[in-house]
Amino acid sequence: MRIEHVSEQWKVRIMDNGAVELTDIAKGISWGGRFAGWLCMDGQERIAIQAPQSVGKIENGLYANYHEQGYAFRAEWTVTGNRVELKLTELHCDGEFVSLEYPAHMLRVDSGADDGYVVVPHKQGTLIPSKLEAGFMRHRHNSWKNICDIDELIPFEFCGLNMTWFGASNAGSSVMCYLEEAVDAALHVLGNAVVGEHGEPIDNRQGMEAGQRYSSLTPVWRGCKGEMKYDRTMQLTLVENGYVGMAKLYRKEVQRSGRFVSLRDKIDKNPLVERMIGAPDIKIYIYTNRRNEPRLRSWSEPILDGYECLHTTFDQVGEMVDDMQKMGMERALVLLGGWNRAGYDREHIDMWPPAQKAGGAQGLARASQKGADAGYIFSLHDNYQDIYPDSPSYDEKLVMKHPDGTPMLGGIWDGGLCRLVCSSQALELAKPNVEAVKGSTSVNSYYLDTTTSAQMYECSDPEHPLARKDDREYKKALLEYLAEQDWVVGAEAGVDWAVPVCTFFEGMPGAAVGLNQGMESADFGMMVPLFNLVYHDAVVCYWQHGQPFGREDHINHVLHDLISAQPSSWSLVYDQWADLKPLIAQCTSLLGSLHAKTAYHEMVSHEFLTNGFELQRSVFSDGTEVVVNFDICSHEYKGHAIAPKGFWIHSLDSGDQFGRMSRDIVLE
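Residue numbers (numbering that gives the first Met the number 0): 0 to 667.
What follows is the structure, given as structure tokens:
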């Protein structure tokens, strides 16, 4: 041991090899790994950080100066009450700075530990337990693929990590890490992975490799234009009540910082927002028109074979609005995808005029007027990040550039391989389309694809250079411009820097591909409503377009909506409408009324009532309590039997409501 600082609640040690260990004195639990970390410079292999050249004491803490051939930096650790703050400064590199992964494996929980887990704000929220007490034969065996051998490096400030905190709990000691500025940071997530003698995850599927299996979270400090640019800081705080306590501490931080703006405050600014309370997301697809370029396969899966289809005309949208009113649906978000001139994911950024085959500008005007007259939120899906070379307005000057001057490529979608618009250019590109929509329709809402679902970028074009922080500010300015039209603003997936502007996110519980597995996320880990524990009364969270199509995993969608008290969401075309109407009405009645009851109230708690995560309970500040059962058998709760795929809603003013998602066979 080189040096330590001991306070009433924390012991901070800087070890001989440069690793840092933090001990929760009351619980007797130490946090930290056996390794200091790693540093990366452009074009070089990453360097293992060695023992510090000097260590010493500062007021209420310690410092360590790390200095080896090729790099140097200073780390300061200060303690105030239950909080430890890390400050990284004075970084110097012989090459272009890419990243500093330090302190390595800071929040570590050994696999097999009772009640141990790590949590990260990935989409709605992800928890990786160190132990899973569930399963027999093949039942729940597949849950392990979601929680073990996980090795993910995820940037902050987009849907991958949509809040700037993470945490872990072990044997009653719970630590929440908070980054006040995370735009140039990422998180290295290991979930029940085998780690070798050099601190790297290894493949031990054959069982022949030496190592230890554990979960860990390590902050990764990324370069800003090849340098550190500014000091990096992180606060580590001891909390009670595990991940709920972490989320509640973060809620206080964002209420202080301004990232939290409640639905009530949004309604005060734009009364239309009130129409979102209890409203199902009815997303209707208008027109598909893929490029005929079969060598390309879209990232949404299809080969680009030239397929063209008019799914829903604008007049048919009007019919659907009429039907919603006949169904007694007082609230709805009607969101059109593929409404634009060339069809879904085609010829961005040239959206206007609307697809002629669907009815053109006059058809969209009629449909939007019906929606507005019905009291619905009527929204259009748009995108000002992807731009296609066949778009009439395409100009490579608009595109973000790599340091070597080459254009930054996006994904392959229905329009082929897109480029990424520099966000500094996006607002001016949006204005002509927005002005045309506003001047020709009764649209009262706008939804932006990709803006909040893509990570922050750097642009090296000398005409419009960007740091990641600039990218975030330009993207927020675009959302604010939409709000200035008195529109209800929505965005894909969601991130909390956009909460002050956005009323709804589409994709917070899950992404556009893959089926939800129930308790398990479609990506990794177990789903846990971290975002709603912070922002339930600030934003409406729907599933993303694509995932509810056909309702193959309808049961799990509804159960997740129940536990978070969110309205239902649907993706459909006109041919599905007649068949889905009864189910939509049923879900609107159940979920819409629950959201209407709780929308202005905080989600105060969530808990897993069984060791296998099957039975879950959430409570809201108005006293509403929801219990859902993802299991294949009934569970008892407070003397009530909660059926398989069943639920119980308890409300102080309307009593108890029991139900289950049906698995019946219907013979006709």
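Beta carbons: idealized from backbone N, C-alpha and C, even for Gly.
Integer Cβ distance of residue i from residue j, believed to fall under 8 angstroms
i, j, result
"residue 19", "residue 13", "6 angstroms"
"residue 414", "residue 345", "4 angstroms"
"residue 275", "residue 503", "6 angstroms"
"residue 445", "residue 379", "6 angstroms"
"residue 452", "residue 491", "4 angstroms"
"residue 617", "residue 586", "Actually they are not in contact, since the Cβ atoms of residue 617 and residue 586 sit about 18 angstroms apart, beyond 8 angstroms."
"residue 471", "residue 156", "6 angstroms"
"residue 648", "residue 625", "5 angstroms"
"residue 534", "residue 498", "6 angstroms"
"residue 5", "residue 76", "With 8 angstroms as the limit, residue 5 and residue 76 do not qualify as a contact, their Cβ atoms being about 12 angstroms apart."
"residue 107", "residue 37", "Residue 107 to residue 37, Cβ: 16 angstroms. No contact."
"residue 669", "residue 507", "The structure shown does not extend to residue 669, since the chain spans only 0 to 667, so no value can be given for it."
"residue 100", "residue 194", "Between residue 194 and residue 100 the Cβ distance is about 13 angstroms, and since that is not below 8 angstroms, they are no contact."
Per DSSP, cross-strand counterpart(s) of residue i
i, result
"residue 411", "416"
"residue 177", "164, 234"
"residue 30", "21"
"residue 77", "60, 84"
"residue 648", "625, 656"
"residue 445", "379, 488"
"residue 186", "153, 218"
"residue 465", "458"
"residue 207", "Residue 207 pairs with nothing; no bridge assigned."
"residue 55", "62"
"residue 3", "12"
"residue 406", "400"
"residue 282", "334, 570"
"residue 200", "194"
"residue 37", "47, 100"
"residue 70", "67, 92"
"residue 212", "193"
Selection from the options that minimises the alpha carbon distance to residue i
i, options, result
"residue 634", "607, 554, 455, 172", "607"
"residue 186", "221, 169, 318, 385", "221"
"residue 496", "365, 162, 151, 311", "162"
"residue 86", "232, 116, 462, 354", "232"
"residue 600", "589, 610, 620", "620"
"residue 753", "432, 354, 403", "As shown, the chain starts at 0 and ends at 667. That puts residue 753 outside it, with no answer to give."
"residue 33", "4, 43, 102", "102"
"residue 282", "571, 447, 339", "571"
"residue 15", "22, 35, 200", "35"
"residue 152", "230, 209, 384, 215", "215"
"residue 46", "579, 55, 597, 66", "66"
"residue 347", "493, 11, 412, 434", "412"
"residue 244", "573, 140, 529", "529"
"residue 505", "449, 126, 464", "449"
"residue 663", "588, 319, 643, 596", "643"
"residue 596", "609, 561, 384", "561"
"residue 39", "474, 79, 58, 98", "98"
"residue 149", "110, 610, 156", "110"
"residue 272", "538, 656, 583, 558", "538"
"residue 407", "358, 372, 459", "459"
"residue 404", "416, 360, 365, 464", "464"
"residue 466", "501, 659, 457", "457"
"residue 455", "475, 443, 48", "475"
"residue 129", "615, 532, 143", "143"
"residue 388", "361, 352, 419", "419"
"residue 575", "611, 284, 356", "284"
"residue 80", "120, 145, 25", "25"
"residue 82", "64, 227, 138, 237", "237"
Residue i beta carbon near the ligand COA (any heavy atom closer than 7 angstroms)
i, result
"residue 273", "The ligand COA is absent from the structure shown, which contains no ligand whatsoever."
Below-8 angstroms beta-carbon distance, residue i vs any chain B residue
i, result
"residue 412", "The structure shown has no chain B; it contains just one protein chain."
Exercise. Should the region 88-96 be regarded as contacting the region 60-80, the criterion being three or more beta carbon pairs within less than 8 angstroms?
Worked result: Contact between the region 88-96 and the region 60-80 is present, with at least three C-beta pairs closer than 8 angstroms.
Exercise. Counting Cβ pairs closer than 8 angstroms, one from the region 204-212 and one from the region 254-269, do we hit at least three?
Worked result: In short, these stretches do not touch, since the Cβ pair count stays below three.
For this session: Any chance you could list the beta strand (DSSP E) runs of at least 3 consecutive residues sitting entirely within the region 517-553, in chain order?
Result: DSSP runs (the beta strand (DSSP E)) wholly in the region 517-553: 539-541.
Problem set entry | Contained alpha helix (DSSP H) runs [length at least 4] in the region 88-153, N- to C-terminal order | As far as the region 88-153 is concerned, its whole alpha helix (DSSP H) runs of at least 4 residues are 143-146.
Problem set entry | Segments assigned alpha helix (DSSP H), at least 4 residues, entirely inside the region 346-400 | Qualifying alpha helix (DSSP H) stretches, in chain order: 359-372.
Exercise. Just checking, does the region 420-435 make contact with the region 308-316 on the three C-beta pairs under 8 angstroms criterion?
Worked result: Counting Cβ pairs under 8 angstroms, fewer than three are found: no touch.
Exercise. In chain order, which continuous runs of the alpha helix (DSSP H) of length 4 or greater are located wholly inside the region 288-352?
Worked result: You should have 313-325.
Exercise. How do the region 360-376 and the region 327-341 stand: do at least 3 beta-carbon pairs fall below 8 angstroms, yes or no?
Worked result: Judged by Cβ distances under 8 angstroms, the region 360-376 makes contact with the region 327-341, as three or more pairs qualify.
For this session: Evaluate the contact criterion for the region 518-525 versus the region 480-489: three or more CB pairs, one atom per stretch, below 8 angstroms.
Result: No: the two stretches stay apart, fewer than three of their Cβ pairs being nearer than 8 angstroms.
Problem set entry | the region 245-256 in contact with the region 301-310 per 3-pair CB rule at 8 angstroms | Counting Cβ pairs under 8 angstroms, fewer than three are found: no touch.
Exercise. Going along the chain, which unbroken runs of the beta strand (DSSP E) with 3 or more residues stay wholly within the region 591-615?
Worked result: Complete beta strand (DSSP E) runs here, min 3: 602-607.
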